[in-house]
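First up is the structure itself, then whatever we jot down about it.
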Amino acid sequence: MAVKTAFSADEFTRILENYDLGAYIDSGPFNGGTVQTNIQLQTTKGRYAFRFYENRTKNQVLFETELLSYLKGKHYPCAAPYRNRDGCFVGMFHLKPYVFFEYMDGQHVEVPNERQKQQLIQKAAELHNISQEYTSVYQADRWNYDIEFCRALARQASERIDTTNAKEKCAWLENELLTLELPASLPKGICHADFHFSNVLFQQDDFGALLDFDDANYTFLLFDLVGLIESWAWRYGEDEVLDFSAAKKVLAEYTRWRTLNSVEEAHLFDVYKLSILIDCVWYFERGDVQDFYERRKIEFLNQVGRDNFRQKLL
């Protein structure tokens, strides 16, 4: 369920008084979403998406809304935020931020076909082309994915859980971070960082919109690419290995729209490992330090090696 905080008709009526979005008629929850409260709102002027941020600061939300406004201005398929009568994208209710977004038509597809996959990869590459030109005054307010971020959150998780297993897992993770080679010249920009099917809309076979930039942050542009490779090339189950043939297809489609430079080609391996280690932070309590999911993936990549990984993909 996408609603953690309920809003009454009277509350929506009062909130809408500061917008030019019409008078309240009705509302109901979106089916998707697990972190923030997401509500469909019908007014006398149309339908809107209302998002109430349960665990974000105002500045974190301003990063998202200003980014989306910028992307919309570049004709990128995403939901535009609406300003209130004071000219602000973000309102506050009970000390938490909220935003009205454009309602986007389309359907979520749990198992995309090849054409839909290609379009999503294309839109990821286009996002990266656009975001290289973008800067935000709120950038430091986001969780920007890099080595320091991963190390800091792992230490916080270890201290919070306070078990021998957690401490040993943190030590293992920090040791793996030391093996990463991520030069300062590795291109950065805004990545979406969550291409789950519930965040993508299609209209039949055509790409409709990329939704939910709640995890978007300033990081290595390769981060989204390795996420797409992970989605369609990692074999789950007993045979946990990377299907390099499938990974090459993802990479080939991506580079049709955005060419990787030589530094990115050399360090795709390292960004992939970083993404797995960040996943380890999100699921820090899962598994024993000697044998857990993210460790098995890292060990597989270590066996392949940076140079061999590059040769297999490129």
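296 is the number that the UniProt record's numbering gives to position 296 of the sequence shown; each next residue is one higher, with no gaps. Glycine included, C-beta positions come from ideal geometry on N, C-alpha and C.
Rounded straight-line distance, which links the Cα of residue j to that of residue i
i	j	result
leucine 16	tryptophan 172	51 Å
cysteine 88	tyrosine 98	11 Å
alanine 270	glutamate 264	Here residue 270 turns out to be aspartate, not alanine, going by the sequence shown. Between aspartate 270 and glutamate 264, the C-alpha separation is close to 10 Å.
proline 187	phenylalanine 220	6 Å
aspartate 162	tryptophan 282	16 Å
aspartate 141	threonine 57	8 Å
tyrosine 236	tyrosine 19	47 Å
methionine 1	isoleucine 39	Its pLDDT being 45, under 50, methionine 1 is placed unreliably by the model, and the measurement read from it follows with that caveat. Cα to Cα, methionine 1 sits roughly 10 Å from isoleucine 39.
asparagine 55	valine 90	14 Å
leucine 210	histidine 75	12 Å
lysine 169	arginine 258	37 Å
isoleucine 278	asparagine 261	24 Å
glutamate 102	lysine 72	11 Å
glutamate 299	leucine 242	12 Å
leucine 301	glutamate 126	28 Å
alanine 79	glutamine 303	42 Å
lysine 167	glutamate 148	18 Å
phenylalanine 7	proline 29	11 Å
arginine 306	alanine 266	8 Å
asparagine 199	glutamate 285	26 Å
cysteine 280	isoleucine 190	22 Å
Residue i and residue j closer than 7 Å at C-beta
i	j	result
phenylalanine 202	glutamine 118	no
leucine 222	tyrosine 254	no
tyrosine 218	glutamine 139	yes
phenylalanine 52	threonine 5	yes
phenylalanine 93	tyrosine 82	no
residue 316	asparagine 165	Outside the shown range of the chain (1 to 314) lies residue 316, about which nothing can therefore be said.
valine 109	phenylalanine 213	no
valine 3	threonine 43	no
leucine 251	leucine 313	yes
arginine 160	leucine 177	no
arginine 296	glutamate 240	yes
lysine 273	phenylalanine 207	no
Span of the alpha helix (DSSP H), counted from its first residue to its last, around residue i
i	result
glutamine 116	114-131
threonine 255	244-257
arginine 151	147-161
leucine 221	Note, leucine 221: premise wrong, no alpha helix (DSSP H); not H, not E.
alanine 140	Note, alanine 140: premise wrong, no alpha helix (DSSP H); not H, not E.
glutamine 60	58-73
Cutoff 7 Å; reference residue i; Cβ partners in own chain excluding five residues on either side
i	result
serine 136	Phe63, Glu66 and Leu67
alanine 9	Tyr24
asparagine 144	Asn217, Tyr218 and Thr219
isoleucine 130	Leu71, Lys74 and Tyr76
N- and C-terminal bounds of the beta strand (DSSP E) containing residue i
i	result
aspartate 279	No beta strand (DSSP E) contains aspartate 279, which is instead part of the alpha helix (DSSP H) from 262-282.
threonine 13	Premise fails: threonine 13 lies in the alpha helix (DSSP H), 9-16, not in any beta strand (DSSP E).
leucine 201	200-203
aspartate 206	206-210
lysine 188	188-191
tryptophan 19	The identity of residue 19 in the sequence shown is tyrosine, whereas the question assumes tryptophan. Tyrosine 19 -> no beta strand (DSSP E), and no H or E assigned at all.
glutamate 171	The question names glutamate, yet the displayed sequence has alanine at residue 171. First-last for alanine 171: 164-177, but that is the alpha helix (DSSP H), not the beta strand (DSSP E).
phenylalanine 50	46-52
DSSP bridge partner residues for residue i (one or two, in chain order)
i	result
serine 27	Leu41
aspartate 288	Asp291
proline 81	Phe101
lysine 96	Phe93
phenylalanine 309	Answer is none; phenylalanine 309 lacks a bridge partner.
Own chain residues within Cβ distance below 8 Å of residue i, not counting five before or after
i	result
serine 69	Ala80, Pro81 and Phe89
arginine 47	Gln40, Leu41 and Tyr103
Contact set for residue i: own chain, Cβ-Cβ below 6 Å, skip 5 residues either direction
i	result
aspartate 146	none
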